[in-house]
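A quick write-up on the structure given underneath.
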Amino acid sequence: MAKKYEGCAVGIDLGTTYSCVAVWLDEHNRVEIIHNDQGNKTTPSFVAFTDDQRLVGDAAKNQAPTNPENTVFDAKRLIGRKFGDSVVQNDMMLWPFKVICGVNDKPMISVKCKGQEKHLCAEEISSMVLTKMRKTAEEFLELPVKNAVVTVPAYFNDAQRKATIDAGVIAGLNIMRIINEPTAAAIAYGLDKRTNCDKVFQVKAIAGNTHLGGEDFDNRMVNYFAREFKKKNKVDISENSRALRRLKTACERAKRILSFAVITTIEIDSLFQGFDLFSSITRAKFEEINMDLFTECLETVKSCFADVEMDKSAIHDVVLVGGSSRIPKVQQLLQEFFAGKHLCNSINPDEAVAYGAAVQAALLSEDFKNVPNLVVQDVAPLSLGIEVIGDIMGVVIARNTSIPIKKTKGYSTASDNLTSVLIKVYEGERARASDNNLLGSFCLSVPSAPRGHPFEVCFTINENGILIVSANEKSTGSTNEITVTNDKERLSSQEIIKMIKEAENYRVEDEKFLRKANVMNALDYCVYKMKNALKKKDVNINLSSQENDKINSAITKATSLLDSTQQSEIDVLENHLKELESLLKLIIGKSV
């Protein structure tokens, strides 16, 4: 049973560009989306530093065009990542603020505050946004708020989830649970329908892309108008952060207008070197410059169906979440894909995620009595396992398995007289273990014994997606375990998606590798059994010299085929395995 927390609890959608906070009102049996001090239900995830103060939210975003170098946004795209991550390096080219490499390759944001240079990590920036959301809730409730459920993208890895929890701690919050944004949105829509009180929300599969959001569409428009401006005025604004920030603000506004109008204009006085920008953009042009991103959105949806082997006709409802779901082209592509099915937007797409998080927070809190009885079952985004003989990925928990989960599998030693076993923990979809991401490793002590001595490995994933791996050897009681939370050994969200795509691209190669590895393991084991059988006196007495020569020749050939330096065809290995198995039967027959 889930732990119950004392005190008021809220749900927070910590978004890339906007954040939202909500609370379950027990006396009214509903969720309240809380307005901020500007009367808005969403707050920009912006933090700014000036000569006098630090600004968070609307105030920070409003002054961004005049102070771009010290106005930080997109912290969510940095959190839990490394400075050397290619995604970070690409994003840095679009940000007006400076990001430098800190200790252990941690990205640090460099700003000037009150005349002094400060280096801040993404967790600190996110904590400032979370603090703003906490205070917004406290002003509405007139109560201190300590507990919160915070949402993250489904593809956030352990490092990013842990970093988000750290940001909450810095903000003075107890993070009761980290839940995936699509799951929170599904809860919101399910409750809004009110078909019954008790519901089970079971996630079947997840798919995502960390660079398919409103910010990415804005950047495409910025690049388009920057090129047009250069062509007309013969000046380049790409290196001027103030001009780019002003242009981006105008592009974001234009993007929103194009969701209900077919044409809009952008007017910016003295954008750069005294030149004004006065231009128009049609919805058709907007769709043209973003078409590859729209197509990628649909590919992500298709990959989700492929993972769960479900036909799209089995879908009852399609729920739209997030500001970009208002874009007509996105809606058109989805409707076409789902054969004209009505797209559900009964809940404001900007508020749905916070709504679901608030319900989850109420379920985990002792203070709420009237919240509907819900069970939420999320899934693991990638397969988890250990390296077994032949560099094979021995999957313990498959991708899209419901979590929390605890699963144990039995293994055995690969050589005679081992005193310890090195257990390497991997995450990924490739057949070859070394092609996946190494999460960590540890040793298990085992008694010296012939090859094949058994031991068990147990994988546990908790509600927040934190992985614990343990192993034990029963005869001696030897145990050891590792908790995988080290951000140095975790994947970025982009890498997770890339690995899944690579797994599909290399599916044929992986199948061939698995087939060959299994044959080689069987061949190796057959040689092992033959050598042991030949040690028996009665076998040697009953074997003729011709049979003995044939067996020894076959063993020598098998040993040669197993040599890693020799690239043997699978058919050759399989044929020789059949010959060895036939000779093994002969040896066993002679021992009777």
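Residues in the sequence shown are numbered from 1 upward in steps of one, following my numbering.
We put the CB at the ideal spot given by N, CA and C, even for glycine.
Predicted, not measured: the structure shown is a model, and the values here were computed from it.
As assigned by DSSP and simplified to three states, the class of residue i
i	result
Q38	coil
P447	coil
T401	coil
I79	coil
F46	coil
A9	strand
A154	coil
E252	helix
V145	coil
G168	helix
A352	helix
V262	coil
E387	strand
R430	coil
H576	helix
L212	coil
T136	helix
I268	strand
P381	coil
K204	coil
F73	coil
M596	No answer is possible for residue 596: it lies beyond the span of the chain, which begins at 1 and ends at 592.
D317	coil
P68	helix
Residue i CB to nearest heavy atom of the ligand GDP below 7 Å
i	result
V527	With respect to small molecules bound, the structure shown includes none, and the ligand GDP cannot be examined in it.
Cβ neighbour criterion (16 or more within 10 Å) applied to residue i
i	result
N36	buried
C526	buried
S127	buried
V375	exposed
H453	buried
F164	According to the sequence displayed, residue 164 carries Thr and not Phe. Classification for T164: buried.
R253	exposed
L467	buried
R30	exposed
H28	exposed
Q360	buried
T419	exposed
N532	exposed
I496	Residue placement at I496 is flagged as unreliable, the pLDDT there being 47, under the threshold of 50; the coordinate-derived value follows with that caveat. Buried, by the Cβ-count rule.
N436	buried
V262	exposed
H576	buried
T295	exposed
C101	exposed
M499	Bear in mind that the predicted position of M499 carries a pLDDT of just 46, short of 50, making it unreliable; the figure below should be weighed with that in mind. M499 comes out buried.
V421	buried
L143	exposed
S415	exposed
P447	exposed
P450	exposed
T413	buried
Paired residues, beta bridge with residue i - DSSP
i	result
P454	S412
N180	V152
T479	N472
N437	E427
Y18	P44
R30	L25
T460	K406 and I468
I587	According to DSSP, I587 bridges with nothing at all.
C113	Q116
Assumed close pair residue i, residue j - CB separation to whole angstroms, cut-off 8 Å
i	j	result
F97	E69	6 Å
L573	L523	6 Å
S568	L561	5 Å
N542	K590	4 Å
D218	K248	6 Å
M530	L444	Rounded, the Cβ-Cβ distance is 29 Å, inconsistent with contact.
L364	M176	5 Å
W24	A362	4 Å
S19	T43	5 Å
Residue-chain proximity (residue i, chain B), Cβ-Cβ < 8 Å
i	result
S445	In the structure shown, chain B does not exist; there is a single protein chain.
Tell me, please, whether the segment 267-284 touches the segment 67-86 by the rule of three or more beta-carbon pairs shorter than 8 Å. No, the segment 267-284 does not touch the segment 67-86.
Would you be able to state if there are at least three C-beta pairs under 8 Å between the segment 13-25 and the segment 146-164? The segment 146-164 is in contact with the segment 13-25.
Whether or not the segment 347-365 and the segment 424-434 are in contact is what I'm after, with contact meaning three or more pairs of Cβ atoms, one per stretch, closer than 8 Å; do they touch? Pairwise C-beta distances place the segment 424-434 out of contact with the segment 347-365, as fewer than three of them are shorter than 8 Å.
Are three or more beta carbon pairs between the segment 378-387 and the segment 400-413 nearer than 8 Å? The segment 378-387, when compared against the segment 400-413, does touch it at the 8 Å Cβ threshold.
If we count Cβ pairs, one from each stretch, closer than 8 Å, do we get three or more for the segment 343-352 versus the segment 315-326? Taking 8 Å as the limit for Cβ pairs, the verdict is that the segment 315-326 does touch the segment 343-352.
Would you check if the segment 272-279 and the segment 228-238 touch, i.e. whether three or more CB-CB distances between them fall below 8 Å? The segment 228-238 is in contact with the segment 272-279.
Please determine if the segment 319-333 and the segment 200-207 are in contact, where contact requires at least 3 C-beta pairs separated by less than 8 Å. Between the segment 319-333 and the segment 200-207 there are fewer than three C-beta pairs closer than 8 Å, too few to call the two in contact.
Inspect the CB distances between the segment 298-317 and the segment 202-214 and report whether three or more fall short of 8 Å. Pairwise C-beta distances place the segment 298-317 in contact with the segment 202-214, as three or more of them are shorter than 8 Å.
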